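Protein chains: 2
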Amino acid sequence: MRIGELAEQAGTSARALRYYEQQGLLSARRTSNGYREYDEEDLRLVREIRALLEIGFNLEDTRPFVECIREGHSSGAECPGSVEVLTRRLAEIDDYIVRLRRIRATIVKELG
Amino acid sequence: MRIGELAEQAGTSARALRYYEQQGLLSARRTSNGYREYDEEDLRLVREIRALLEIGFNLEDTRPFVECIREGHSSGAECPGSVEVLTRRLAEIDDYIVRLRRIRATIVKELG
DNA sequence: GCTGGCGTTGACGCTGGTGGCAAGGTTTAC
DNA sequence: GTAAACCTTGCCACCAGCGTCAACGCCAGC
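Protein sequence lines, in the order shown, are assigned to chains A and B.
Quick note: to get our numbering, add 526 to the position in the first sequence (first position is 1).
Quick note: to get our numbering, add 526 to the position in the second sequence (first position is 1).
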């Protein structure tokens, strides 16, 4: 499939896909006319990237997951690098929730 | 006091103070040589701004608080505009905490 | 052969809150 | 008198993840 269709299937934009490629997260065969050509695995890759972005990871964080899938694993979370990113993010979320609770208490006090 | 001292007292930078002025949050008398001159009320104002920024408000959100203090209130949170901002932020925080909990559960599942 | 809808690269814009620098003027200390 | 440390305005840089436009190529349908 070409970039427009991949974008639509993955719920993103062609611009974003070119950006991912520029960041080394995605690669594409080229047809004779220079168009990028993608397959189903690319679609899985992009969906993984989007899912991670949606839960607050940045693009760099998705790299281990992408590499994991590229190495043949069915889930991007199966590799040590991915586990490390997930673990780190979990700790960040916990810290953040604590911080938000403190801020919430401050605001409630202000409003009280 | 001049901008450097105000910055130090308020725990920020002269650059930030000039930016607040540019955004209409701060105003300064000028001495004959063109230097900005501040007083204790300005210090209170800037401390209020910094405190709000630190708990996740953006500069625009601090405006009602600044105006509230300028109108003579001892606390910037006493005016309706400030209360509205606080209330809105409270709702945002609650939504965000819920969202973070969901993401946390997702990550735990991935790790499990 | 022409229009419209794809694709390509390259480059600039955006958001927010500064940091940093240039190129000057002022004040303070020795 | 001179050096350091302040101040002024103005402008570019930055972070991320794109959006958007320019200027062009490719291809299908009529």
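The beta-carbon is built from N, C-alpha and C at its ideal position, and this holds for glycine as well.
Values in this document were obtained by computation on a predicted structure and should not be read as measured data.
Exercise for the section: Locate the alpha helix (DSSP H) running through D568 (chain A), then write down its first and last residues. Expected result: 566–580
Practice task
Quick one: list the residues of chain A neighbouring R615 (chain B), beta-carbon separation under 7 angstroms, in chain order.
Solution key: I633
Problem - Buried versus exposed call for T588 (chain B) [16 or more other C-beta atoms within 10 Å across all chains shown] - result: buried
Handout entry: chain B contact for A603 (chain A) (CB, 8 angstroms cutoff)
Key = yes
Practice task
Find out if the Cβ-Cβ distance for the pair I633 (chain A), L585 (chain B) is shorter than 8 angstroms.
Solution key: With respect to the 8 angstroms criterion, I633 (chain A) and L585 (chain B) are not classified as neighbours on the basis of their beta carbons.
Problem - Proximal residues to E604 (chain A) (C-beta, below 7 angstroms), its chain only, five neighbours per side dropped - result: Here the set comprises C594.
Problem - DSSP beta-bridge partners of R555 (chain B) - result: According to the DSSP secondary-structure assignment, R555 (chain B) is paired through a beta bridge with B:E563.
Handout entry: Start and end residues, alpha helix (DSSP H) containing E531 (chain A)
Key = 529–536
Problem - Short-range partners of chain B found in the region 539–558 of chain A, where Cβ spacing is below 7 angstroms - result: none
Exercise for the section: Round the Cβ separation of E563 (chain A) and R556 (chain A) to the nearest angstrom and send it over; I've been treating them as touching at under 8 angstroms. Expected result: 7 angstroms
Handout entry: Residues, ordered as in the chain, of the region 575–600 of chain A that lie near chain B by beta-carbon distance below 7 angstroms
Key = I581, G582
Practice task
For G550 (chain A), name the three-state secondary structure that DSSP assigns.
Solution key: Look at G550 (chain A) here: in three-state DSSP terms it is coil, with no helix or strand label.
Handout entry: Nonlocal neighbours in the same chain, by C-beta distance under 7 angstroms from L532 (chain A), ignoring five residues either side
Key = L543, Y564, D568, L569, V572
Exercise for the section: Please confirm if R573 (chain A) has its CB atom under 8 angstroms from at least one CB of chain B. Expected result: no
Handout entry: Sequence ranges, alpha helix (DSSP H) only - wholly within the region 587–619 of chain B, length at least 4
Key = Taking only runs of at least 4 residues, no alpha helix (DSSP H) segment lies wholly in the region 587–619 of chain B.
Handout entry: Where E574 (chain B) falls, given that 16 or more other Cβ within 10 Å makes a residue buried
Key = buried
Practice task
Excluding the 5 residues preceding and the 5 following T538 (chain B) in the sequence, name in chain order all residues of the same chain whose CB lies nearer than 8 angstroms to its CB.
Solution key: V572, R576
Practice task
Could you check how far apart the C-beta atoms of L626 (chain B) and I623 (chain A) are, in whole angstroms? I think they sit under 8 angstroms.
Solution key: 5 angstroms
Problem - Neighbourhood of I529 (chain B) by C-beta, 6 angstroms cutoff - its chain only, sequence neighbours within 5 removed - result: A540, L543, R562
Practice task
For P590 (chain A), count neighbouring Cβ atoms within 10 angstroms of its own Cβ and tell me buried if that reaches 16, exposed if not.
Solution key: Looking at its Cβ environment, which holds 16 or more other Cβ atoms inside 10 Å, P590 (chain A) is buried.
Problem - Residue of B:F583, B:S600, B:G638, B:I619 minimising C-alpha distance to V609 (chain A) - result: B:G638
Practice task
Please list, in chain order, all residues of the same chain as L579 (chain B) whose beta carbon is under 8 angstroms from its beta carbon, the five residues on each side excluded.
Solution key: L585, T588
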